[in-house]
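Just remember that this note's numbering sits 8 ahead of the position in the sequence shown, which is counted from 1.
Quick reminder that beta carbons are idealized off the backbone N, C-alpha and C, glycines included.
What follows is a short report on a single structure.
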Amino acid sequence: MRPDDSDDCPCQSGALFSDCCGRFIRSNTGPDTAEQLMRSRYTAFVLEDEPYLHATWDPSTCPEQIEFDPRTRWLGLKIKSSSNGKPSCEFAEVEFVARYKIDGRAHRIHENSRFVKRHGRWGYLGPITSDTN
C-alpha cells in the first residue's frame with residue numbers, strides 16, 4: 009500500500025513521503041544524488057514497486073525480474089556513509105543497513121553499494137560488499 013503524501017517517508021529520512029521518495033517514485037524525475045536514489049530504492053522495495061526498481065537499476069547489472077517475498081516486513085533504513093554522490097559526480101558509493109523481518113525473525117542487509125550516473129540519471133550498479141543475516 010502506498011503511503012499518503014502526508015505520511016512519513018518509509019526511508020526514515022524524517023521528511024514526508026511527498027517531499028522525499030514519493031516525488032521520485034511518482035514521476036519521471038530522477039534523484040539528484042546517489043543517497044536520494046538509495047533511499048528511494050529502499051522505499052520502492054517497501055512498496056514492491058518493480059517498475060521503479062528496474063528504472064533505477066543500471067542496465068548492465070539489472071535482473072530481468074525482481075521477486076518480493078510477501079512475508080517480508082521492512083523495519084528501517086540507516087545510511088552509514090555516502091561518497092561522491094553529488095549531482096556533479098559520475099560514480100558514487102552509499103553504505104547502508106536495511107532491517108526487516110520474515111515470519112517474525114529479524115534480518116538485516118549491510119551493503120556498500122555502487123552507483124553510476126549515465127545520461128544525467130543515477131543508477132544502482134550493485135554491491136561492493138554485502139552482508140545479510
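Open item on the list: Quick check: residue 33 and residue 57, are their CB atoms within less than 8 Å of each other?
Closed with: yes
Open item on the list: Taking the alpha helix (DSSP H) that residue 43 belongs to, which residues open and close that run?
Closed with: 42 to 55
Task: Backbone CA spacing between residue 109 and residue 129 [nearest angstrom] - done: 32 Å
Task: Rounded straight-line distance, which links the Cα of residue 27 to that of residue 77 - done: 28 Å
Open item on the list: Less than 7 Å between C-beta atoms, sequence neighbours within five positions excluded: which residues of the same chain meet that for residue 124?
Closed with: 66, 98, 99, 131, 133
- [ ] Within the stretch 73 to 109, note down every full beta strand (DSSP E) run reaching 3 residues or more, in order along the chain.
- [x] 80 to 91
Open item on the list: Taking the alpha carbon of residue 118 as the reference point, which residue from 112, 50, 82, 138 has its own alpha carbon closest?
Closed with: 138
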